[in-house]
Amino acid sequence: DTGVSQDPRHKITKRGQNVTFRCDPISEHNRLYWYRQTLGQGPEFLTYFQNEAQLEKSRLLSDRFSAERPKGSFSTLEIQRTEQGDSAMYLCASSLTLGGNTIYFGEGSWLTVV
Amino acid sequence: AQSVTQLDSHVSVSEGTPVLLRCNYSSSYSPSLFWYVQHPNKGLQLLLKYTSAATLVKGINGFEAEFKKSETSFHLTKPSAHMSDAAEYFCVVSGGSQGNLIFGKGTKLSVKP
């Protein structure tokens with residue numbers, strides 16, 4: 012499978028712990044996106060990278076959240092001091108740079124904070 | 003600001019009957035519009051996209067959508083529903099920045115045998 016892959020697919024953590032999600036985009040894609048989806052809602056944009064540069068961050072991305080893409084390939088999304096409100100599915104997506112290109116999504120990483 | 007409104011949170015049809023999922027959009031410029039489908043425990047899959055070419059857009063699995071600027075609508079249709087079409091469908095508008103897609107709240111499609 013050469014699609015967008017995310018790991019882990021499911022994570023249960025205690026409130027206050029830190030968690031990290033990894034995303035591997037489609038190999039030739041230089042854009043990488045993170046979205047968050049809560050139950051009954053559509054995905055909401057968090058941030059995106061072009062190569063290793065983080066070009067946009069949503070106001071939803073509080074200072075407890077940090078995303079990196081150090082070599083312009085895979086990306087990590089870390090949540091520090093998790094809260095119950097962080098429980099959601101975190102979706103990664105990738106695309107080529109050219110405008111109008113399709114954004115391909117991974118299957119998501121489910122986070123449950125107890 | 004860009005936004006989309008999906009007019010139905012749940013649509014139920016019988017297998018073999020037409021499907022209509024309604025979406026209205028708001029955009030301060032000529033938008034790019036998309037429909038994505040999400041099956042349970044699966045990622046989002048692009049069904050079709052409109053990027054200012056033909057107003058009638060054909061997608062995968064027999065779905066199509068028509069861009070109507072005068073009505074600010076982008077409804078998704080399929081002539082004959084199949085059981086495998088049961089899923090959540092999202093209408094999406096490009097947010098203006100190069101990375102930001104704005105999703106509607108979704109319409110859950112149920113297909114009865």
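Note that the protein sequences, when read in sequence, are chains A and B. For what it's worth, the working numbering labels the leading residue of the first sequence as 12, then goes sequentially. For what it's worth, the working numbering labels the leading residue of the second sequence as 3, then goes sequentially. By construction, the Cβ of each residue, glycine as well, lies at the ideal position given by its N, Cα and C atoms.
Continuous beta strand (DSSP E) stretch holding residue i: start and end
i, result
"T123 (chain A)", "120-124"
"Y91 (chain B)", "89-96"
"E67 (chain A)", "64-68"
"A78 (chain A)", "76-79"
"N26 (chain B)", "25-28"
"S86 (chain A)", "86-90"
"K22 (chain A)", "21-24"
"H84 (chain B)", "Run containing H84 (chain B): none; DSSP gives neither H nor E here."
"A99 (chain A)", "99-106"
"Y38 (chain B)", "35-40"
"Y177 (chain B)", "As displayed, chain B neither begins before 3 nor continues past 115, which places residue 177 (chain B) out of reach and without an answer."
"T58 (chain A)", "55-61"
Nearest-angstrom Cα separation, counted from residue j out to residue i
i, j, result
"H41 (chain B)", "Q91 (chain A)", "30 Å"
"S30 (chain B)", "A3 (chain B)", "6 Å"
"E55 (chain A)", "F105 (chain B)", "7 Å"
"L103 (chain B)", "K68 (chain A)", "13 Å"
"K22 (chain A)", "K110 (chain B)", "26 Å"
"M85 (chain B)", "V21 (chain B)", "12 Å"
"E68 (chain B)", "K51 (chain B)", "10 Å"
"G97 (chain B)", "D10 (chain B)", "22 Å"
"T57 (chain B)", "V95 (chain B)", "15 Å"
"G61 (chain B)", "L49 (chain B)", "5 Å"
"K70 (chain B)", "Q8 (chain B)", "15 Å"
Anticipated Cβ contact below 8 Å, residue i with residue j, distance rounded
i, j, result
"A104 (chain A)", "G117 (chain A)", "7 Å"
"T128 (chain A)", "Q65 (chain A)", "This structure cannot speak to residue 128 (chain A), because chain A is shown only from 12 to 125."
"R33 (chain A)", "F85 (chain A)", "6 Å"
"Q48 (chain A)", "A99 (chain A)", "6 Å"
"G64 (chain B)", "K80 (chain B)", "5 Å"
Residues near residue i by beta carbon distance below 8 Å, same chain, minus five either side
i, result
"N41 (chain A)", "Q61, N62, G83, L107, T108"
"G14 (chain A)", "I37, Y115, G117"
Own chain partners of residue i with C-beta closer than 7 Å, once the 5 adjacent residues on each side are dropped
i, result
"S14 (chain B)", "S112, K114"
"S28 (chain B)", "Q4, S5, T74"
"D97 (chain A)", "I90, L122, V124"
6 Å Cβ shell around residue i - same chain, five flanking residues per side excluded
i, result
"E79 (chain A)", "T87"
"L46 (chain B)", "Y38, Q40"
"Y44 (chain A)", "Y59, A104"
"F36 (chain B)", "K51, V94"
"H12 (chain B)", "K110"
Item checked: alpha helix (DSSP H) segments (min. 4 residues) lying fully within the stretch 47-78 of chain B -> none
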